[in-house]
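Notes to accompany the following structure.
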Amino acid sequence: MSFDTLGLSADILRAVADQGYSEPTPVQSKSIPIILEGNDILAGAQTGTGKTAGFTLPLLQILSSRGQNNGHRPVRALILTPTRELAAQVEESVACYGKYLPLKSTVIFGGVKINPQIATLRRGVDILVATPGRLLDHVQQKTLDLSHVEILVLDEADRMLDMGFIHDIRKVLALLPKSRQNLLFSATFSNEIKRLADGLLNSPVMIEVARRNTATELVEQVVHFVDKKRKRELLSFLIGSQNWQQVLVFTRTKHGANRLVQQLEQDGLTAAAIHGNKSQGARTRALANFKQGAIRILVATDIAARGLDIDQLPHVVNYELPNVPEDYVHRIGRTGRAGNEGEAVSLVCIDEHKLLHDIERLIKRDIPKIDIEGYDPDPSIKAEPIQNGRNNNTRQGRANRPNHGNRAKQGTTAKRSSSGNNRPSNAAKARNNEGTKRSDANSSRSTTSSSSPRRSHNAQGRERASLLGGGNR
Ligand code: AMP
């Protein structure tokens, strides 16, 4: 199938051709004609499927064909996204696919000054991409009028709900005209999403392009069992020995991300962290440097990484497994995008066997276990509860055992584990893993960023407090 058959105008097709896309992806070929007919849609599509163009192309077509008011330019399409990074990327796509059209777009999100956004809005914008919190700030300041919105897009709606945006979304919905077209995109369909969809969508057409909660098949997944204390060493070893040039590494906490960056830099590797405590400028800079190859490793927390679109990202490393199994699917979806092959490596310590088990149950398959010579876990180390955002440098750090690092560095051989032991331990069963996701999302205004592993109790207390406050606006 080609793009020409979907009913898009020549100006839009030219912009698509400029991107080098020859064929629509499945979500595009399904959603574009349905949206052009004016239907509401409920689309189950994960990031990486081409969903952004799936809603952007028909949206541009509809707005440009309806013409616009002379003089005053009200917002006619509103696209809500969970994170700043995703908002910025979506707006880039809108500008890119709409470059031959007389439509104006802009993006607004928190963490940056509001005044330039006010000035841009005042000059008139047809398509607005926004995160919910900052959008409401504008509404409150009366710098934004949403009463002319014709099309509403909720992108990654499940993520917005995960991040606690449901009340903000409902407030925004109340500000929109009753008669409008609604497009809801979500990777998963929880009951909460269904409730939101029921109240929002008008006889929607359902579109499902990827099986729910399945890890993308293009991604080769592997687990290396390793002691927690030796993960950093193994990561540096893998990057160096296999000459990985662009690696996205996930940690569970912001503090862990900072500490890992410092350690990797000590190993002579270029790295930067991207998480909710970083200023918007620092996040944008880190991403740009990573995309350009100026830094080799980007260390990210789940929320910060959501929606990152880095073309042909070859390696994703789960330095720590996520507390929520669905986040594993999102993480590995950063690689193997748009038809490219990718590799997702998970470094799993004894504390994380239960998390691994939950992930394998969700994706309904065993992830191959490969032992790296010299990094076999020390069987005397017992599982401990995972402490999120706190200093967990405890028993493993004190374990008095031989250092296998030198041995490992002599050989790069990997051998497939016969046991693949991933049974949950009792201690692992007892752990309490909740809280990180929302915490990370809501801590963007916090000022605590201590990265020393030997912080005082006060510092730890401050970080805990900061995890509970703020807002990702
Ligand atoms: P998305 O799921 O919207 O985040 O898109 C994932 C990636 O696919 C982005 O890098 C897009 O630029 C790319 N992409 C979108 N549409 C196509 C297409 N028809 N052919 C090839 N790549 C595409």
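When you number the sequence shown by our numbering, it's gap-free, plus one each residue, and the end is 1286.
We put the CB at the ideal spot given by N, CA and C, even for glycine.
Through-space distance from residue j to residue i, alpha-carbon basis
i	j	result
D1328	D939	Examination of residue 1328 is not possible in this model, given that the chain is present from 814 through 1286 alone.
I1110	Q1058	8 Å
H1170	V1161	11 Å
D831	T818	18 Å
A1221	D1184	For A1221, the predicted model reports a pLDDT of 32, less than 50, meaning its position is unreliable; a value from the coordinates is still stated below. Answer to the nearest angstrom: the Cα atoms are 11 Å apart.
T860	A1000	8 Å
E1046	D971	36 Å
D1011	P846	22 Å
V1022	K1195	42 Å
G977	K1091	20 Å
L1051	S835	36 Å
E904	R879	21 Å
G1081	I1108	11 Å
G857	P895	16 Å
R1043	Y1188	8 Å
K991	S877	21 Å
G833	G820	19 Å
V1158	L957	45 Å
E1186	A1086	29 Å
Q841	A828	15 Å
G867	A901	17 Å
P839	R1098	33 Å
F816	L870	10 Å
G1202	L959	Because the pLDDT of G1202 is 47, which lies under 50, any placement of that residue in the model is unreliable, and the question is left without a value.
D1140	G1069	17 Å
E1197	R983	41 Å
K1167	P1192	17 Å
F1002	L1009	10 Å
Q1079	P1190	24 Å
R897	I875	26 Å
T865	G1094	24 Å
Q994	K1104	35 Å
A1243	L1175	For A1243, the predicted structure reports a pLDDT of 27, less than 50, and the residue's modelled location is therefore unreliable. A value from the coordinates is still provided. Those two C-alpha atoms are separated by around 20 Å.
Per-residue DSSP class, three states only, for residue i
i	result
G893	One point to set straight first is that residue 893 is Leu, not Gly, in the sequence displayed. If DSSP states are grouped into helix, strand and coil, L893 belongs with the strands.
S960	coil
T919	strand
G1155	strand
H1128	strand
A1084	strand
V1074	helix
I1108	coil
V1062	strand
L967	strand
V903	helix
E1033	strand
T865	helix
Y1141	helix
P945	helix
D776	Absent from the structure is residue 776, since the part of the chain shown begins at 814 and ends at 1286.
P929	helix
K843	helix
E1046	helix
A1095	helix
I1194	coil
Q874	helix
L1051	helix
Q954	coil
F816	helix
Contact under 8 Å by Cβ, residue i with residue j
i	j	result
K917	F1038	no
R1147	P1135	no
P1138	G1155	no
V1112	T1064	yes
L872	I825	no
E1173	I1163	no
V942	V907	yes
E969	F998	yes
V1130	V1062	yes
H885	G937	yes
I1006	L986	no
G1053	K1067	no
Y1132	L1073	yes
Those residues which DSSP pairs with residue i across a bridge
i	result
I854	L996 and V1018
I940	A890 and S918
F1038	V1161
S1113	The amino acid occupying residue 1113 in the given sequence is Ala; Ser does not appear at that position. F1063 and I1087, per the DSSP bridge assignment.
Residue i CB to nearest heavy atom of the ligand SAM below 7 Å
i	result
T1001	Ligands displayed in this structure: the ligand AMP; the ligand SAM is not among them.
>> With three or more C-beta pairs closer than 8 Å as the rule, is the region 1013-1020 touching the region 848-859?
In response: Proximity of the region 848-859 to the region 1013-1020 meets the contact definition, three or more beta-carbon pairs being nearer than 8 Å.
> Counting pairs of beta carbons, one from the region 958-966 and one from the region 888-897, are three or more of them closer than 8 Å?
Replying inline: The region 958-966 is in contact with the region 888-897.
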